[in-house]
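Residues in the first sequence are numbered consecutively from 6, following my numbering. Beta carbons are placed, not taken as given, at the ideal position from N, Cα and C, and that holds for glycine. The structure under discussion appears below in the form of structure tokens.
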Amino acid sequence: MSLQIFNTLTRTKEVFTPLEDNKVKMYVCGMTVYDYCHLGHARVLVSFDVIVRFLRSQGYDVTYVRNITDIDDKILNRANENGESFTALTERFIDAMHEDEERLSVKKPDLEPKATAHIVEIISMIQQLIDNGFAYAAENGDVYYSVDKFPTYGQLSKKNPEELLAGARIDVADAKKDPRDFALWKSAKSGEVSWDSPWGEGRPGWHIECSAMSTCCLGDTFDIHGGGPDLPFPHHENEIAQSEGATGKKYVNYWMHAGAIRVNKEKMSKSLGNFFTIRDVLERYPAEVVRYFLVSSHYRSQVDYSEESLKEAQSALSRLYTSLRDVDVAATSEAEPALAEEYRNRFQKAMNDDFNTPVALAVMFDLVKELNRAKANGDDYVSSLAILLRELGEVLGVLQLDAEEFLKSSGGFSGDAISESDIDALIVDRINARAAKDWAESDRIRDYLKDEGVILDDRKEGTVWRRG
RNA sequence: GGCGCGAUAGCAAAGCGGUUAUGCACUGGAUUGCAAAUCCACGUAGGCCGGUUCGACUCCGGCUCGCGCCUCCA
């Protein structure tokens, strides 16, 4: 039962064999920080977070690098529009991104290199490419990669170099020898931020920073490189050309790409303007519900973002948390029943199959049923099943809150939600009414609370409530 | 136009050549003052047309439709 990963390079699931036994070196393309992160970014963030969590749970020693691209055209344009320095802009959005990922329970990568902190490595890689005959400096101070010199160009995106020639963008301002060539170094226009280089003042092109930073952090060859659905071409294709041109070695063994988030069957994207920022969505749904929504489909599939999907995620998560309610999840003395191992194995098997989180969740729901039965029967292994459920949830980054806390907070996002003290007071009133068998009053209170989004649950031990 | 991906029950979403996915919703039962939650029972779904096979949702071919990349985008 070994781990299999779908490799974009071969378009097949392959058995995962790390370069070094038990170690995983992984690089994921992070944000270009000129705006707030949207749900598409959240999907990449959460998907690779789950992947790292699972790998670590399996005993792998993972080095996870996720870069920040903090210098590029869009950043400069935006800073210009805002009349602020580009560093002020990028710092603001880096902070915002960190807030977003923390709220989504995304664990920090081990390294988070920034392009502007790696200009030296970028320049030296460009120089290496020139020395190796893969790049050329143009008259105007730009440096270009000569696509024609890299015979396997197109291997990742399965593009034919000849056909790319026909569709390549032709920009009159640049000095390319071939329209497919792309900029490694862009000469500075007057007044623009720039760094000194052998080719004059300038700044790195898009693509080269990832080659430089990944190689710098992880070595010439590493195990996994990931990113969003729009990155295989041209970004990752260009990274391969750059890194392999510079080092002469294979760049990456396994390429992984997340699927797109869609809105009304269309890809959510900046250019279409149909995106929801993470913070937009977090104003309307608890962070864990958003995370559950992301994890409930396979990372490679396209998913539609909709109100219904989020509501469904909320219901599903409620079922999970309800099963954990009133169970002592700190009791460690209980012996785990034999059947627990079966769930653990099924979960592991699902995740080993290219990180199949929907199946992993199905296993968790089966475990919930088992747990609920055990609770009803008063079995002596209730706690150990609940602990197992949370243990599995931790790999997906869910179920780590106190069940009571989650269930009492999950709907309360409108500022005018009824307070806990008011709820408790009404419940006391209702208990009195019920004691007097005043069912009309009892039901009136319950209906009132229901309108306030509070659902009551009368149990032998007393009345409990949740927001739904 | 080129390259690639997908089409599963009311909705969402998986595995699998023959035996229950799972969640939400629905129906019946248990439970409850009535509910809620929970448990039990219940769903012959797999775009269309052919082929392979004893047997296909699952493999092969064709078709239709949808989506992604080919330009900045996660």
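| Asked | Found |
| --- | --- |
| Quick one, which of I432, V459, G458 has its alpha-carbon nearest E446's? | I432 |
| At the level of alpha carbons, what is the spacing between N12 and G233? | 14 Å |
| Could you tell me which whole beta strand (DSSP E) segments of length 3 or greater appear in the region 399-471? | 459-464 |
| Enumerate in chain order the residues of its own chain whose CB-to-CB distance from R48 is below 7 Å, with the five nearest sequence positions on each side excluded. | A263, I266, L299 |
| For F187, which residues does DSSP report across the bridge? | Y150 |
| Output yes or no for whether 8 Å exceeds the beta carbon distance between G224 and N137. | no |
| When the Cβ atoms of the region 13-25 are set against those of the region 200-219, are three or more pairs found closer than 8 Å? | no |
| Going by the beta-carbon positions, is the gap between F227 and V198 smaller than 8 Å? | no |
| Looking at the unbroken alpha helix (DSSP H) that takes in G383, where does it start and where does it end? | Segment: none, G383 is in no alpha helix (DSSP H) and carries neither H nor E. |
| Counting pairs of beta carbons, one from the region 290-299 and one from the region 333-350, are three or more of them closer than 8 Å? | no |
| Use the C-beta contact count for Q405: other C-beta atoms within 10 angstroms, 16 or more gives buried, fewer gives exposed. | exposed |
| How long is the line joining the alpha carbons of P239 and K163, rounded to whole angstroms? | 11 Å |
| Just verifying my parser: in three-state terms, what is the DSSP assignment at T95? | helix |
| First and last residue of the alpha helix (DSSP H) that includes T37? | Taken as a continuous stretch (DSSP letters only), T37 belongs to no alpha helix (DSSP H), being part of the beta strand (DSSP E) at 28-37. |
| Give me whichever residues DSSP pairs with S192 in a beta bridge. | G207 |
| For L8, which residues in the same chain have their Cβ closer than 6 Å to its Cβ, ignoring the five residues on either side in sequence? | F21, N357 |
| Distance, Cα to Cα, Y310 vs E167? | 37 Å |
| From T157, I135, D54, pick the residue whose C-alpha is nearest to that of E107; which is it? | D54 |
| For K413, I'd like the list of residues in its chain whose CB is within less than 8 Å of its CB, leaving aside the five on either flank, ordered along the chain. | E425, W470, R471, R472 |
| I think A246 touches Y158, with their Cβ atoms under 8 Å apart; what is that distance to the nearest whole Å? | 6 Å |
| For G417, I'd like the list of residues in its chain whose CB is within less than 6 Å of its CB, leaving aside the five on either flank, ordered along the chain. | Interpretation of G417 is limited by its pLDDT of 48, a score under 50 that renders its predicted location unreliable; no figure is taken from the coordinates. |
| One question on the structure: do T121 and I80 come within less than 8 Å of each other, judged by their Cβ atoms? | no |
| Nearest CA to the CA of D147: which residue from F280, A193, N437, T68? | A193 |
| Is the region 57-76 in contact with the region 128-135, if contact means three or more CB pairs nearer than 8 Å? | no |
| Quick check on the DSSP output: what are the complete alpha helix (DSSP H) runs of length 4 or more inside the region 94-149, in order along the chain? | 124-136 |
| I213 by DSSP, collapsed to three states: which one? | helix |
| Looking only at C-alpha atoms, which of R349, G402, D331 sits nearest to A381? | D331 |
| Starting from K316, trace the alpha helix (DSSP H) in both directions and tell me its first and last residue. | 312-329 |
| Quick one: give me the first and last residue of the beta strand (DSSP E) that M273 is part of. | Looking at the DSSP string, M273 is not in any beta strand (DSSP E), and its letter there is neither H nor E. |
| Can you check which of these residues, D452, L393, N437, K455, is closest to G467 by C-alpha distance? | N437 |
| If you draw a straight line from the C-alpha of S219 to the C-alpha of Y32, how long is it? | 6 Å |
| On the DSSP bridge list, what partners appear for G259? | Reading off the sequence shown, one finds Tyr at residue 259, where the question assumed Gly. Paired residue(s): I229. |
| What would DSSP say about V67, mapped onto helix, strand or coil? | strand |
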